[in-house]
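Chains as they are written, first to last, in this note's numbering: chain A, 31 to 141; chain B, 247 to 358.
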C-alpha cells in the first residue's frame with residue numbers, strides 16, 4: 031500500500047540554523063506534495079505545494095524540493111526562529127481529491 | 247471571518263450515544279473533507295464530497311455517516327459511539343484537485 035513516511039518524529043535545532051525535514055514515499059507516484067504546519071490544538075495550515083515536474087519551490091524562508099528518483103521531498107526552514115516550532119506534515123496527492131498525510135515531524139527551535 | 251468552521255470544538259459523550267459534528271466553509275470551495283487524527287497524530291481521510299456528492303469513502307465503520315445539505319456544509323453523524331472513536335476530527339475544504347486544503351480548528355471527541 032502507498033506510504034508517506036516522515037522519518038523523524040522530532041527534530042531539535044538551534045535558533046538561526048537551517049531545519050531540514052524529510053518526507054519519503056513508497057509504492058506511490060504522487061503528482062504533487064504539500065507541506066502543512068500544525069500547532070497544538072489547531073488544524074493544519076498549508077505552507078507549500080510542489081508538483082512532480084518541479085525540482086524546487088521557495089516561499090520566504092521556506093524551501094521544498096521534490097526528487098522523484100529518490101522518492102523524497104525535503105522541507106527547509108532557513109534562519110529558524112522559536113516561532114517556527116510546530117509539527118510539520120507532508121501530504122501527497124496523485125490526480126484525485128485524496129491527500130495522504132505522513133505522521134509529521136515535531137520541530138523545536140531552541141533559543 | 248473563519249474560513250472553515252466546525253462545531254463543537256469539544257465533545258464528551260458516553261459509549262452508545264449518537265452525536266453530530268457540523269462544518270461550514272465560506273470559501274466557495276467545491277470539495278469538503280472529513281479527516282480523523284488519532285492519538286499518534288496520524289491524519290487520515292474519512293470522506294470527501296464534491297458538489298454535495300460523495301467521491302471518497304475510506305474504510306470507516308458505517309456508524310459514520312456524512313451529510314452535505316449544500317456545497318458549503320458537510321456534517322458528520324456518528325451512531326453508537328465507541329471508545330475507539332475518541333480522536334480529533336477535522337473538516338477541510340479545497341478547490342480542485344491538488345489545491346491547498348483549508349482545515350477547521352478540529353473537534354476533540356472523547357467517548358467515555
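Every residue, glycine too, gets a C-beta built ideally from N, C-alpha and C. Keep in mind the model is a prediction, meaning the values are calculated, not measured.
Listed by chain order, chain A residues near residue i by CB distance under 8 Å
i                      : result
residue 346 of chain B : 64, 76, 79
residue 352 of chain B : 71, 72, 73
Within chain B, partners of residue i - CB distance below 8 Å
i                      : result
residue 117 of chain A : 287
Under 7 Å by beta carbon: chain B residues contacting residue i
i                      : result
residue 113 of chain A : Here the premise fails: no neighbours, minimum Cβ distance about 19 Å.
residue 127 of chain A : 277, 294, 296, 301, 302, 343
C-beta neighbour in chain B for residue i, strict 9 Å
i                      : result
residue 143 of chain A : The structure shown does not extend to residue 143 of chain A, since chain A is modelled only from 31 to 141, so the question has no answer here.
residue 105 of chain A : no
residue 96 of chain A  : no
residue 133 of chain A : yes
residue 130 of chain A : yes
Neighbour flag for residue i against chain A, beta carbons, 9 Å
i                      : result
residue 336 of chain B : yes
residue 340 of chain B : yes
residue 290 of chain B : yes
Host beta strand (DSSP E) of residue i (start-end)
i                      : result
residue 118 of chain A : 116-123
residue 97 of chain A  : 92-97
residue 45 of chain A  : Unbroken run through residue 45 of chain A: none, as it is neither H nor E.
residue 284 of chain B : Note, residue 284 of chain B: premise wrong, no beta strand (DSSP E); not H, not E.
residue 70 of chain A  : Run containing residue 70 of chain A: none; DSSP gives neither H nor E here.
residue 37 of chain A  : No beta strand (DSSP E) contains residue 37 of chain A, which DSSP labels as neither H nor E.
Residue i, buried or exposed, once every other Cβ within 10 Å from all chains shown has been counted against 16
i                      : result
residue 334 of chain B : buried
residue 286 of chain B : exposed
residue 112 of chain A : exposed
residue 48 of chain A  : exposed
residue 296 of chain B : buried
Neighbouring residues, chain A, relative to residue i (Cβ below 9 Å)
i                      : result
residue 349 of chain B : 66, 68, 72, 73, 74, 75, 76
Contacts of residue i in chain B (Cβ-Cβ under 9 Å)
i                     : result
residue 46 of chain A : Those within 9 Å of residue 46 of chain A in chain B number zero; the least Cβ separation is about 27 Å.
residue 93 of chain A : Within 9 Å Cβ-Cβ: nothing; residue 93 of chain A doesn't reach chain B, min ~17 Å.
Near the ligand COA: residue i beta-carbon under 8 Å from a heavy atom
i                      : result
residue 354 of chain B : Absence of the ligand COA is noted for the structure shown, with no ligands found whatsoever.
Near-chain A residues of the segment 247-271 of chain B (beta-carbon distance less than 7 Å), N- to C-terminal order: Under the 7 Å Cβ criterion, the segment 247-271 of chain B contributes no residue.
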